[in-house]
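Comments concern the structure below.
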Amino acid sequence: MSGPPGSLPVRPPITGVSAGALRAALSGEPRYRIDQVNRAVYREAATSFEQILTLPAGLRARLAELFKYEALQAVRSETSADGTRKTLFQTVDGAPVETVQMPTERSGATTICLSSQAGCGMGCTFCATGAMGLTRNLSSSEIVDQFLHFRRRSSADRTPDRAVFMGMGEPLANVRAVEVAVRALVDPAAVGLSPRRVTVSTVGLPRGIHAMAGWNLPVSLAISLHAADDDLRTKLVPVARRFRLDSLMEASRRFQQQARRRVTYEYTLLDEVNDSTSQAADLARLLRGQRCHVNLIPFNAYPGARFHPTPRPGVRAFRDKLREHGLRATVRRTRGRDISGACGQLHAGALRADKQPGSRD
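What the sequence shown shows, in my numbering, is residues 37 to 397, in sequence order.
Here it is as C-alpha cells:
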C-alpha cells in the first residue's frame with residue numbers, strides 16, 4: 037500500500053494482511069513462524085511486534101517495518117463503577133471509533149461492543165451517534181482490532197469472550213467488512229470465539245439480513261425495532277421509510293428459517309412515545325409466530341436528547357403485556373450510566389472538552 041508521491045509507504049495493519057502476504061513477508065523463515073505470529077497477534081498480550089519474544093529480533097524488526105501492529109490508537113477512556121469501560125479510538129486518518137467493554141453476568145468474562153462505522157448515517161432520532169453523521173465505513177481490521185485491544189489488556193479474570201456489533205454505525209451498511217471481521221472473530225486460527233457468542237445488530241436492512249443468512253455461521257441477529265407501526269418507526273428511524281415493516285419481517289422470518297436461529301428484537305423505550313401497553317400489544321401481534329425474543333432497552337439519555345426514559349413501572353408494564361401475549365421479553369440491564377454510556381457520547385464529550393481553554397484528557 038502506498039501514499040501520495042514522495043511519501044513513505046503506508047503500513048497495513050497485521051490483522052488486515054492476507055495469509056499469502058504474510059507468507060511472503062516471512063519468506064525464508066520456517067513455516068511455524070506464521071503460527072507464532074498469528075498466535076501472538078490474536079491470542080496473547082503483546083501490543084507490539086517487539087513484545088513477541090518467540091520471534092527472533094531480526095524478524096520482529098522486519099515485521100514492524102512492513103506492518104502496523106494495531107490499526108487503532110486509543111485516545112480516551114472512561115470506566116464506570118460497574119466495571120464498564122468505554123474507549124474512544126482514532127483511525128490513521130483521524131476518524132473516531134468508540135468501543136465498550138462490559139462485564140457479563142458470568143464472572144471471569146466480558147462482552148466487547150464493537151463499532152462497524154465511524155459515526156452513522158441512519159439518523160435515528162434517539163441516538164447520539166446518529167447526530168454525528170457518517171464519517172466512513174471501518175475496515176475489517178479496524179473492527180477486529182477493537183476486540184483485540186481489550187483482549188491484550190484484560191486481566192486474567194476478565195477475558196473477553198463475546199462480541200456484539202452494537203456500537204457506532206450500521207453493520208449491514210458495511211456488510212462485506214463485517215462479514216470478514218466476523219469470520220476472523222470465529223476462526224479458531226484467529227480470535228477463536230464461538231459463533232454463538234457473536235451478535236450482529238441492525239436497524240433493519242432487509243438486503244443485509246438476507247446476506248447474513250447466507251454466511252452459514254450460527255451467529256446471532258438482533259434487529260432494532262422500536263415501534264410496531266410504520267408511521268412511528270419512520271419518525272424514530274428515518275431509514276425505515278425505505279424498508280417497511282412487512283419487508284423487514286419477511287427478511288427476519290427467512291433468517292430464522294435459513295440460519296435456524298432465534299432473532300432478538302431490540303426495543304428502546306421512550307417515555308410517552310412508544311411505551312404504552314396498547315403499543316406492547318401491537319408489537320406482540322407483529323411478532324406472533326416468530327422464533328424471537330424481545331430485549332427492552334431503557335433509554336440512556338444524553339445531553340441534548342429529545343426523549344426521556346420510560347419510568348420503571350412503565351417498563352415493567354410493557355414487559356408484562358408482551359409476556360401475556362406469549363412473547364419472551366426481558367429488560368436489558370443498563371450499564372455505564374455514570375460515564376458516556378450511549379453510542380457517540382464519548383466522542384461528543386471529547387469534542388466539548390477540546391473546545392474548552394486548557395482542556396485535556
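By construction, the Cβ of each residue, glycine as well, lies at the ideal position given by its N, Cα and C atoms.
Model, not experiment: these values are computed from the prediction.
Measure the alpha-carbon distance for residue i versus residue j and round it to whole angstroms.
i       : j       : result
Arg-187 : Glu-134 : 16 Å
Val-227 : Ser-314 : 45 Å
Gly-155 : Ser-190 : 26 Å
Arg-388 : Ala-164 : A caution first: Arg-388 carries a pLDDT of 39, below 50, which makes its placement in the model unreliable, though a value can still be read off. Straight-line Cα distance between these residues: approximately 14 Å.
Cys-149 : Pro-339 : 22 Å
Thr-27  : Asn-210 : This structure cannot settle anything about residue 27, because the visible part of the chain is limited to 37 through 397.
Ile-337 : Val-111 : In the sequence under discussion, the amino acid at residue 337 is Ala, which differs from the Ile named in the question. Answer to the nearest angstrom: the Cα atoms are 24 Å apart.
Ala-82  : Val-73  : 11 Å
Asp-223 : Leu-229 : 7 Å
Thr-270 : Pro-242 : 15 Å
Pro-40  : Val-128 : Residue placement at Pro-40 is poorly supported in this model, since its pLDDT is 45, which falls under 50; the coordinates still yield a value, given next. When rounded, the distance between both Cα atoms is 15 Å.
Trp-251 : Leu-257 : 12 Å
Gly-157 : Leu-306 : 21 Å
Thr-115 : Pro-66  : 43 Å
Val-46  : Ala-107 : 12 Å
Leu-44  : Ala-225 : At Leu-44 the pLDDT is 43, less than 50, meaning the model places this residue with poor confidence; the figure from the coordinates comes in the next sentence. Looking at the two C-alpha atoms, the distance is approximately 32 Å.
Glu-302 : Leu-272 : 13 Å
Pro-254 : Val-234 : 9 Å
Gly-64  : Gly-52  : 22 Å
Asp-311 : Leu-358 : 12 Å
Phe-279 : Leu-261 : 12 Å
Arg-172 : Arg-212 : 14 Å
Ala-57  : Met-168 : 36 Å
Thr-90  : Arg-277 : 55 Å
Phe-103 : Arg-79  : 18 Å
Gly-325 : Arg-297 : 14 Å
Gly-394 : Arg-121 : Interpretation of Gly-394 is limited by its pLDDT of 40, a score under 50 that renders its predicted location unreliable; the figure taken from the coordinates is listed afterwards. Rounded to the nearest angstrom, the two C-alpha atoms are 25 Å apart.
Val-309 : Tyr-68  : 59 Å
His-361 : Arg-321 : 8 Å
Leu-323 : Leu-281 : 11 Å
Asp-356 : Thr-370 : 19 Å
Thr-161 : Gln-293 : 32 Å
Glu-101 : Thr-346 : 54 Å
Gln-87  : Ala-97  : 11 Å
Leu-363 : Pro-231 : 25 Å
Gly-350 : Leu-268 : 19 Å
Gly-159 : Leu-95  : 47 Å
Please name the residue, chosen from the options, that lies closest to residue i on a Cα-to-Cα basis.
i       : options                            : result
Ala-76  : Gly-325, Leu-184, Val-309          : Leu-184
Leu-99  : Ala-60, Leu-306, Cys-328, Gly-350  : Ala-60
Ala-263 : Arg-298, Thr-304, Phe-279          : Thr-304
Gly-240 : Arg-69, Ala-295, Val-275, Lys-104  : Val-275
Asp-266 : Pro-92, Leu-319, Leu-62            : Leu-319
Ile-333 : Ala-365, Gly-169, Arg-359, Arg-327 : Ala-365
Arg-290 : Arg-324, Met-248, Leu-272, Arg-277 : Met-248
Ala-316 : Val-330, Glu-141, Gly-325          : Val-330
Arg-400 : Ile-50, Ala-295, Arg-352, Pro-347  : The displayed coordinates of the chain run from 37 to 397. Any statement about residue 400 would go beyond what the structure contains.
Gly-203 : Arg-212, Arg-277, Leu-323, Thr-147 : Thr-147
Thr-300 : Ser-288, Arg-278, Gln-293          : Ser-288
Ala-117 : Met-138, Pro-132, Glu-101, Gln-109 : Met-138
Pro-92  : Val-351, Glu-141, Leu-62           : Leu-62
Thr-123 : Val-136, Pro-345, Leu-284          : Val-136
Ser-113 : Leu-95, Pro-132, Glu-101           : Pro-132
His-246 : Pro-231, Glu-286, Arg-232, Leu-268 : Glu-286
Gln-109 : Pro-49, Thr-140, Asp-197           : Pro-49
Arg-348 : Arg-368, Leu-363, Asp-197          : Arg-368
Asp-197 : Glu-141, Gly-350, Ser-283          : Glu-141
Which residues share a DSSP beta bridge with residue i?
i       : result
Asn-331 : Glu-302, Thr-366
Lys-104 : Pro-49
Val-200 : Cys-149, Thr-235
Ser-256 : Thr-235
Gly-155 : Leu-170
Lys-271 : Partner(s): none; Lys-271 has no beta bridge.
Phe-125 : Ala-110, Val-133
Thr-115 : Arg-121
Pro-347 : According to DSSP, which records beta bridges pairwise, Pro-347 is partnered with nothing at all.
Pro-224 : Answer is none; Pro-224 lacks a bridge partner.
Met-138 : Thr-147
Thr-195 : Ala-145
Determine whether the beta carbon atoms of residue i and residue j lie at a separation below 7 Å.
i       : j       : result
Gly-244 : Leu-208 : yes
Phe-335 : Phe-343 : yes
Gly-119 : Gln-153 : no
Ser-175 : Phe-201 : no
Phe-85  : Tyr-105 : yes
Gly-144 : Asp-193 : yes
Ala-199 : Leu-170 : no
- prompt: Would you call the stretch 174–194 and the stretch 208–221 in contact, with 3 or more CB pairs under 8 Å?
  reply: yes
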